[in-house]
Structures are given as structure tokens and as C-alpha cells.
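**Q** Those sequence lines, one after another, are chains A and B.
Just so we're aligned: the first sequence equals residues 3 to 235 in my numbering.
Just so we're aligned: the second sequence equals residues 3 to 235 in my numbering.
Backbone N, C-alpha and C fix where the C-beta goes; we use that ideal spot for every residue, glycine too.
Okay, here's the structure, questions in a sec.
There are 2 protein chains.
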Amino acid sequence: MTTSRKTSFQDVQDEVIRRIQDRIWPQGSLLPTEFELAEEFGCARATVNRALRELAEKGIIDRKRKSGTRVVTAPVKQAVFEIAVVRHTIEERNADYRYALVHRSVDPIPAWLGARLDLPQGAQVVRVKCMHYADNRPFQFEDRWINIATVPDVVGADFSDRGPNEWLLEQVPFTDAEIAMTAVPADAQLSEFLAAPENTPLLQMERTTWLKGAPVTFVRMTYHPGYRMQTRY
Amino acid sequence: MTTSRKTSFQDVQDEVIRRIQDRIWPQGSLLPTEFELAEEFGCARATVNRALRELAEKGIIDRKRKSGTRVVTAPVKQAVFEIAVVRHTIEERNADYRYALVHRSVDPIPAWLGARLDLPQGAQVVRVKCMHYADNRPFQFEDRWINIATVPDVVGADFSDRGPNEWLLEQVPFTDAEIAMTAVPADAQLSEFLAAPENTPLLQMERTTWLKGAPVTFVRMTYHPGYRMQTRY
DNA sequence: TAGTGGTCTAGACCACTCT
DNA sequence: GAGTGGTCTAGACCACTAC
Chain A
3 MTTSRKTSFQ
13 DVQDEVIRRI
23 QDRIWPQGSL
33 LPTEFELAEE
43 FGCARATVNR
53 ALRELAEKGI
63 IDRKRKSGTR
73 VVTAPVKQAV
83 FEIAVVRHTI
93 EERNADYRYA
103 LVHRSVDPIP
113 AWLGARLDLP
123 QGAQVVRVKC
133 MHYADNRPFQ
143 FEDRWINIAT
153 VPDVVGADFS
163 DRGPNEWLLE
173 QVPFTDAEIA
183 MTAVPADAQL
193 SEFLAAPENT
203 PLLQMERTTW
213 LKGAPVTFVR
223 MTYHPGYRMQ
233 TRY
Chain B
3 MTTSRKTSFQ
13 DVQDEVIRRI
23 QDRIWPQGSL
33 LPTEFELAEE
43 FGCARATVNR
53 ALRELAEKGI
63 IDRKRKSGTR
73 VVTAPVKQAV
83 FEIAVVRHTI
93 EERNADYRYA
103 LVHRSVDPIP
113 AWLGARLDLP
123 QGAQVVRVKC
133 MHYADNRPFQ
143 FEDRWINIAT
153 VPDVVGADFS
163 DRGPNEWLLE
173 QVPFTDAEIA
183 MTAVPADAQL
193 SEFLAAPENT
203 PLLQMERTTW
213 LKGAPVTFVR
223 MTYHPGYRMQ
233 TRY
């Protein structure tokens with residue numbers, strides 16, 4: 003209605019959202035069929051389909067063949083956190099990024115991690131600890147294990163100039179991942195590197211990634227005190 | 003290739019992902035045009051379009067008119083946390099859910115919150131504190147402010163049997179929201195309700211929601227010690 | 001078995017943007 | 001100006017599922 007003369011899937015979506023918000027279609031109620039809506043809006047059924055399909059993916063409506071489309075009663079909303087490279091997170095805040103390598107070694111995998119990743123005893127990993135600073139103030143402490151079997155080239159990477167997160171992103175373009183967020187007390191090491199008294203509550207993110215089922219890396223990223231991980235949805 | 007004879011958008015998507023993972027299309031490289039891919043896969047351009055559009059939404063490829071489609075170099079991956087009602091989170095873990103109201107009052111909005119929500123001094127809010135238990139063990143402490151102007155019916159809700167989160171979901175079917183996660187030390191109140199020593203690190207989620215631009219509620223949800231918020235992507 | 005959503009097609013026009 | 005993705009159409013067939 004604004005610039006184009008045809009009804010776009012976006013127009014349909016906006017109107018559907020409006021009707022849900024205005025309780026014209028209350029929670030639990032049945033929407034008209036795609037065919038009926040297409041008639042009403044004067045567009046093709048495919049257009050209505052795309053509009054409704056996206057709303058279903060967002061968890062706002064529930065669609066079932068034969069039964070039809072219903073407004074969800076207790077929507078399970080999805081919060082999307084963008085997980086970028088630390089450097090980008092920092093530069094987005096208009097702060098200067100600095101990286102420092104703390105430790106690098108090649109070790110056999112620790113038992114607890116081997117169990118977690120389903121890797122045999124004696125599997126070799128590269129262990130890297132490093133710091134990320136924003137305007138020269140501690141931002142994040144990174145403690146990482148990289149599976150040499152999956153990423154053989156890691157043996158030749160020394161990580162003195164650039165963090166393993168950026169390096170890995172270039173080596174392994176696309177992975178599955180699992181992440182978890184917890185609150186942990188600062189231990190001696192974290193306390194030192196993040197310049198916080200011991201036992202200060204810190205936000206910690208753990209991430210495991212796989213490439214086609216093969217474990218790539220496990221990492222613990224601990225943020226400076228007071229860090230807020232924020233998003234809109 | 004499995005059951006259907008036509009090439010589905012899913013087939014196209016899987017093959018594109020495979021080629022990116024196998025470095026047939028390395029990071030930064032240009033993909034064939036939709037038309038060329040449609041020819042190769044023997045399907046309509048719309049099918050290729052849907053496959054690629056979804057990958058672009060996931061941040062795996064980058065599409066620009068005229069320039070074409072490229073494999074993203076440093077993918078900004080998105081972690082999706084499902085934010086459901088606490089009761090569902092608990093019941094999904096096969097635990098018994100129990101709710102307890104701790105406090106309910108009608109107050110003028112605190113200055114710090116008024117500033118945050120862009121509400122005038124003296125605006126009335128309902129303040130609710132409550133506890134959610136899993137198998138009778140503290141799971142989450144909820145501290146909430148509800149804007150009476152946006153949800154007038156809240157005045158008549160006493161929240162003695164059911165948490166304000168569930169009530170609000172029924173009243174306000176669809177909202178915008180902003181959430182933030184932090185690590186906080188247990189203060190006297192949290193320590194008491196969550197059965198944790200003072201200063202124990204706790205994971206806290208803050209959420210603000212709006213309905214069509216009008217603030218609905220602000221809530222702080224603090225989890226029991228050791229809680230992990232987890233997801234795959 | 002019939003109704004509803006899920007998907008694909010072949011074609012068309014449009015909008016952005018690089019040259 | 002021209003190439004590429006973005007979207008819409010009208011129709012078709014399929015797949016699931018409530019009846």
C-alpha cells in the first residue's frame with residue numbers, strides 16, 4: 003500500500019500481527035484458511051503462505067494440515083544472540099581491540115573433555131589461553147581446546163598475533179554448535195586476568211562446535227565483571 | 003533424491019552447505035547465480051531462491067543484487083534461546099513445578115525504572131515478587147514491575163495461584179522484547195529465596211517488553227546457583 | 001476421504017547496485 | 001545500462017491428519 007501496488011507477504015504479515023495484537027484473532031482461535039486470506043487480501047496463496055510460514059517459524063502461530071492455523075496460546079519466544087568474533091563485538095562499541103596470547107601447548111586431551119566430546123583417551127589437542135582487551139581494559143578471557151584430528155593445520159598456527167577464534171572461523175567455515183551460559187566465581191586465574199577480586203560473579207559462555215559430526219573445539223569465554231549480553235527480539 | 007522425485011529446496015540447501023563445508027565454495031567466493039544453480043539442480047529458480055534466502059537469514063552467505071551471492075568470511079552465528087514460561091522449562095526436565103507468591107503491591111514507578119521505560123514520574127505499576135520451584139527446590143526468583151496503563155486488568159489479578167508471566171502471556175499475546183543476561187552476586191533476599199550463600203554468583207535475565215511501543219513489563223529473573231542456559235545452533 | 005497446509009513450477013516484473 | 005536477487009502469480013500436485 004505504501005509504494006507498491008501489489009499486496010506483499012510483508013503486508014499480509016503485518017496485518018496478521020495487528021489482528022493478533024488487537025485480539026481480533028484471540029489466542030487459541032482459528033485463522034481463515036490460506037485460500038480465504040488470499041482472497042481477502044487479493045493476492046496469491048503463495049504470498050499468504052510465506053507470511054504465515056514465517057510467523058509459524060517465530061512461534062506466533064501453529065499450523066497443522068487439515069486442522070488449520072491457530073494463534074499460539076503460550077508463545078515460546080526465541081531470543082537470538084548474535085555470536086560474533088570478540089573483536090567485532092568490541093569494535094562495534096567503538097573501543098580499541100587488543101589481543102594477547104597467554105598460553106599455548108599441545109597436550110593429550112583431558113579425561114573430562116574427552117568424555118564430553120566422545121574422543122578417545124590420548125587424542126591430541128591444542129590448548130590455548132588468551133585475553134581480549136577493549137580500550138586496554140580486560141574484556142574476555144578465553145580458554146580453548148582444539149581437536150587436532152579435525153583441524154590438523156592448527157599445529158602450525160602459533161596464535162601469537164591473532165586469536166584462535168578468528169583463525170578457526172577461517173579454517174572451518176561452517177559448524178554445528180552448542181552453547182551454554184552460566185555465572186561463575188572468579189578463580190585465581192580469572193581474578194588476575196580480568197582484574198576482579200576473587201569470587202566476583204562473572205558471565206561465562208561455553209561453546210562446543212562440530213564439523214559434520216567431528217568435534218572441532220571446546221571453549222570457555224569468561225567476560226569482565228558487569229558484562230551484559232543483550233539482544234532484542 | 004530420497005522419496006520424492008523433484009528437487010526440493012531442502013536438497014538444494016543441503017548440497018550448498020556441503021559444498022561450503024567441503025571448501026568447494028571457499029569463504030569469500032562467489033556462488034553461481036540462482037539461474038545457473040536452478041539449471042544445475044534441474045529445478046525452478048524459486049526453489050533455489052528459497053534455499054539460499056534461508057541460508058542468508060542464518061548468516062552463512064551474503065546476497066547482494068547485481069553482485070551475487072558470496073560465502074561469508076566471518077559468519078556471525080546466531081544462538082537462539084527459547085524463552086518459554088518457567089513452568090514449561092521445569093516440566094520439560096520432568097520436574098514438578100510449584101509457584102509461590104512472595105509480594106504484591108501497587109506503587110508509583112521507581113525513578114530508575116521510569117527513566118528506563120520512558121514513563122512519567124508517578125505512573126502506577128504493580129510490583130510482584132515470586133518464586134518458581136522445581137521438585138520443591140528453588141529454581142528461579144522473579145521480580146517484576148507491570149505497567150498499569152498498558153495492562154489495566156492487572157489491578158484485578160492477585161497472582162496468588164499463578165505467576166504473572168503466564169498471566170501476562172494470556173493478556174498480551176504478542177510483544178517486542180529486549181533481554182539481557184548478567185552474572186550477579188546473591189544479595190540477602192536472593193540468598194534467602196534461592197538457598198545460596200550471599201555473594202554466590204547467579205545467572206540473571208532481565209527482560210523488558212512492549213506492546214506496540216507501550217511498555218508492558220520489566221522483569222528480573224534470577225536462577226538458582228549452577229543454572230546453565232543452554233542451546234544448540 | 002476430504003480438507004488444509006507444504007512445496008514446486010514457469011514466467012513475469014521489480015529494485016537495487018555495480019560499471 | 002545491465003545483471004542479479006526479491007517477490008508475486010496462477011496453477012498444480014503432494015502429504016499429512018482429522019473425520
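Lysine 131 (chain B) bridges to which residues according to DSSP?
**A** On the second sequence, residue 131 (chain B) is found 129 positions in, with the first residue counted as 1. In DSSP, lysine 131 (chain B) forms a bridge with B:His105 and B:Asp145.
**Q** Please confirm if methionine 223 (chain A) has its CB atom under 8 Å from at least one CB of chain B.
**A** For the purposes of this step, residue 223 (chain A) is taken as the residue at position 221 of the first sequence. Not one chain B Cβ lies under 8 Å of methionine 223 (chain A).
**Q** Would the region 176-189 of chain B count as touching the region 119-136 of chain B if we require 3 or more Cβ pairs under 8 Å?
**A** no
**Q** Relative to the C-alpha of methionine 223 (chain A), which residue among A:Asp163, A:Met133, A:Thr177 and A:Ala198 is closest?
**A** Numbered from its first residue, the first sequence carries residue 223 (chain A) at position 221. Among A:Asp163, A:Met133, A:Thr177 and A:Ala198, the Cα nearest to that of methionine 223 (chain A) is on A:Met133.
**Q** In chain B, which residues lie less than 8 Å from valine 186 (chain A) when you measure between Cβ atoms?
**A** Taking the first residue of the first sequence as position 1, residue 186 (chain A) is located at position 184. Ordered by position in chain B, the residues that pass the 8 Å Cβ test against valine 186 (chain A) are Ala185 and Pro203.
**Q** Kindly indicate which three-state DSSP category methionine 231 (chain A) falls into: helix, strand or coil?
**A** Here residue 231 (chain A) corresponds to residue number 229 of the first sequence, with the count starting at 1. Residue state for methionine 231 (chain A) is assigned as strand, using DSSP reduced to three classes.
**Q** Who are the near neighbours of glutamine 80 (chain B) in its chain, counting only those whose CB is closer than 8 Å to its CB and skipping five residues on each side?
**A** Here residue 80 (chain B) is taken as the residue at index 78 of the second sequence, counted from 1. Contacts found: Lys60, Gly61 and Tyr235.
**Q** Taking DSSP's pairing of strands, which residues face alanine 182 (chain B) in a bridge?
**A** Translated into positions along the second sequence, residue 182 (chain B) becomes position 180. Beta-bridge pairing links alanine 182 (chain B) to A:Gln232 and B:Glu208.
**Q** Can you look up methionine 3 (chain B) in the DSSP assignment and give me helix, strand or coil?
**A** To locate residue 3 (chain B), count along the second sequence from 1; it is residue 1. Caution is warranted here: a pLDDT of 38 is assigned to methionine 3 (chain B), below 50, making its placement in the model unreliable, and no coordinate value can be reported.
**Q** Let's test the definition: count the other Cβ atoms within 10 Å of the Cβ of arginine 149 (chain B) and tell me whether it reaches 16, buried, or not, exposed.
**A** On the second sequence, position 147 is the one that residue 149 (chain B) refers to. The displayed chain sequence assigns asparagine, not arginine, to residue 149 (chain B). Asparagine 149 (chain B) comes out buried.
**Q** Between arginine 146 (chain B) and proline 199 (chain A), what straight-line distance do the alpha-carbon atoms span, to the nearest angstrom?
**A** Against the second sequence, residue 146 (chain B) aligns to sequence position 144. Against the first sequence, residue 199 (chain A) aligns to sequence position 197. Approximately 30 Å, taken between the alpha carbons.
**Q** Closer than 8 Å, Cβ to any Cβ of chain B: which residues of the region 146-177 of chain A, in chain order?
**A** Listed in sequence order: Glu168, Leu171, Glu172, Pro175 and Phe176.
**Q** Which one of A:Asp137, A:Ile19 and A:Pro175 has the shortest CA to CA distance from glutamine 72 (chain B)?
**A** Within the second sequence, numbered from 1, the residue matching residue 72 (chain B) stands at position 70. What sits at residue 72 (chain B) in the sequence shown is arginine, not glutamine. Checked all of A:Asp137, A:Ile19 and A:Pro175; the closest Cα to arginine 72 (chain B) is A:Pro175.
**Q** Which partner residues does isoleucine 85 (chain A) have in the DSSP bridge list?
**A** Along the first sequence, one-based indexing puts residue 85 (chain A) at 83. Residue pairing for isoleucine 85 (chain A): DSSP places it in a beta bridge opposite B:Lys79.
**Q** Pairing CB atoms from the region 33-50 of chain A with CB atoms from the region 90-99 of chain A, are three or more of them under 8 Å?
**A** no
**Q** Reducing DSSP to helix, strand and coil, say where isoleucine 19 (chain B) ends up.
**A** As a first step, residue 19 (chain B) must be located in the second sequence, where it is residue number 17. Helix at isoleucine 19 (chain B).
**Q** Between glycine 70 (chain A) and leucine 33 (chain A), is the Cβ-Cβ spacing less than 8 Å?
**A** Within the first sequence, residue 70 (chain A) is the residue found at index 68, counting from 1. Within the first sequence, residue 33 (chain A) is the residue found at index 31, counting from 1. Yes, they are a contact pair.
**Q** How is the alpha helix (DSSP H) around arginine 95 (chain B) delimited, first residue to last?
**A** Walking along the second sequence from the start, residue 95 (chain B) turns up at place 93. Segment: none, arginine 95 (chain B) is in no alpha helix (DSSP H) and carries neither H nor E.
**Q** Taking Cβ-Cβ distances shorter than 8 Å, what residues in chain A pair up with alanine 113 (chain B)?
**A** Here residue 113 (chain B) refers to the residue found at position 111 when the second sequence is read from its first residue. Under the 8 Å cutoff, chain A gives no residues; its nearest Cβ is about 21 Å from alanine 113 (chain B).
**Q** Provide the residue(s) that pair with proline 140 (chain A) in DSSP beta bridges, ordered along the chain.
**A** In the first sequence, the residue the question calls residue 140 (chain A) occupies position 138. BP columns for proline 140 (chain A) point to A:Tyr135.
**Q** Check the Cβ-Cβ distances between glutamine 23 (chain A) and every residue of chain B, and say whether any is below 8 Å.
**A** Along the first sequence, one-based indexing puts residue 23 (chain A) at 21. Taking Cβ atoms only, chain B reaches closer than 8 Å to glutamine 23 (chain A), which makes this a yes.
**Q** Kindly indicate if chain B contains any beta-carbon less than 8 Å away from that of tyrosine 235 (chain A).
**A** As a first step, residue 235 (chain A) is located in the first sequence; it is residue number 233 there, counting from the start. By this cut-off, tyrosine 235 (chain A) is an interface position.
**Q** Which chain A residues sit within Cβ distance under 8 Å of valine 50 (chain B)?
**A** For the purposes of this step, residue 50 (chain B) is taken as residue 48 along the second sequence, with counting starting at 1. Against chain A, a Cβ distance below 8 Å from valine 50 (chain B) picks out nothing, because the smallest value is about 16 Å.
**Q** In three-state DSSP terms, what is phenylalanine 220 (chain B)?
**A** Translated into positions along the second sequence, residue 220 (chain B) becomes position 218. It is a strand residue.
**Q** Below 8 Å between beta carbons: does that hold for valine 78 (chain A) and isoleucine 63 (chain A)?
**A** As a working mapping, residue 78 (chain A) is identified with position 76 in the first sequence. As a working mapping, residue 63 (chain A) is identified with position 61 in the first sequence. Cβ distance not < 8 Å, so valine 78 (chain A) and isoleucine 63 (chain A) don't count as in contact.
**Q** State the Cα-Cα distance for the pair arginine 129 (chain B) and aspartate 137 (chain B), rounded to the nearest angstrom.
**A** Walking along the second sequence from the start, residue 129 (chain B) turns up at place 127. Walking along the second sequence from the start, residue 137 (chain B) turns up at place 135. Each residue's alpha carbon lies about 26 Å from the other.
**Q** Taking all protein chains shown into account, do 16 or more other C-beta atoms lie within 10 angstroms of the C-beta of glutamate 194 (chain B), making it buried, or fewer, making it exposed?
**A** Within the second sequence, residue 194 (chain B) is the residue found at index 192, counting from 1. By the 10 Å Cβ count, glutamate 194 (chain B) comes out exposed.
**Q** In whole angstroms, what separates the C-alpha of isoleucine 19 (chain A) from that of arginine 25 (chain B)?
**A** On the first sequence, residue 19 (chain A) is found 17 positions in, with the first residue counted as 1. On the second sequence, residue 25 (chain B) is found 23 positions in, with the first residue counted as 1. Straight-line Cα distance between these residues: approximately 41 Å.
**Q** For chain B, check one thing: does any of its Cβ atoms lie closer than 8 Å to the Cβ of glutamate 93 (chain A)?
**A** Your numbering for residue 93 (chain A) matches position 91 in the first sequence. Chain B, which has no Cβ nearer than 8 Å to the Cβ of glutamate 93 (chain A), makes this no.
**Q** Mind listing the chain A neighbours of proline 217 (chain B)? Cutoff is C-beta to C-beta under 7 Å, in chain order.
**A** As a working note, residue 217 (chain B) is residue 215 in the second sequence. Within 7 Å Cβ-Cβ: nothing; proline 217 (chain B) doesn't reach chain A, min ~14 Å.
**Q** I think histidine 105 (chain A) touches lysine 131 (chain A), with their Cβ atoms under 8 Å apart; what is that distance to the nearest whole Å?
**A** Counting from 1 along the first sequence, the entry for residue 105 (chain A) is found at position 103. Counting from 1 along the first sequence, the entry for residue 131 (chain A) is found at position 129. Between histidine 105 (chain A) and lysine 131 (chain A), the beta carbon gap of about 4 Å places them in contact (Cβ cut-off 8 Å).
**Q** Compare the Cα-Cα distances from methionine 231 (chain A) to each of B:Tyr229, B:Glu208 and B:Tyr101 and report the closest residue.
**A** Counting from 1 along the first sequence, the entry for residue 231 (chain A) is found at position 229. Nearest C-alpha to methionine 231 (chain A): B:Glu208.
**Q** Against chain A, does phenylalanine 220 (chain B) count as a neighbour if the rule is that its beta carbon must be under 8 Å from one of theirs?
**A** Stepping through the second sequence from its first residue, residue 220 (chain B) is reached at position 218. Chain A, which has no Cβ nearer than 8 Å to the Cβ of phenylalanine 220 (chain B), makes this no.
**Q** How about asparagine 201 (chain B) and asparagine 201 (chain A): do their beta carbons lie closer than 8 Å?
**A** By one-based count along the second sequence, residue 201 (chain B) stands at place 199. By one-based count along the first sequence, residue 201 (chain A) stands at place 199. Yes, the pair counts as a contact, with Cβ atoms nearer than the cut-off.
**Q** Taking only beta-carbon positions, decide if phenylalanine 195 (chain B) is within less than 8 Å of chain A.
**A** Locating residue 195 (chain B) in the second sequence gives position 193, where the first residue counts as 1. Not an interface residue.
**Q** Helix, strand or coil, according to DSSP, for aspartate 155 (chain B) in the structure here?
**A** To locate residue 155 (chain B), count along the second sequence from 1; it is residue 153. If DSSP states are grouped into helix, strand and coil, aspartate 155 (chain B) belongs with the helices.
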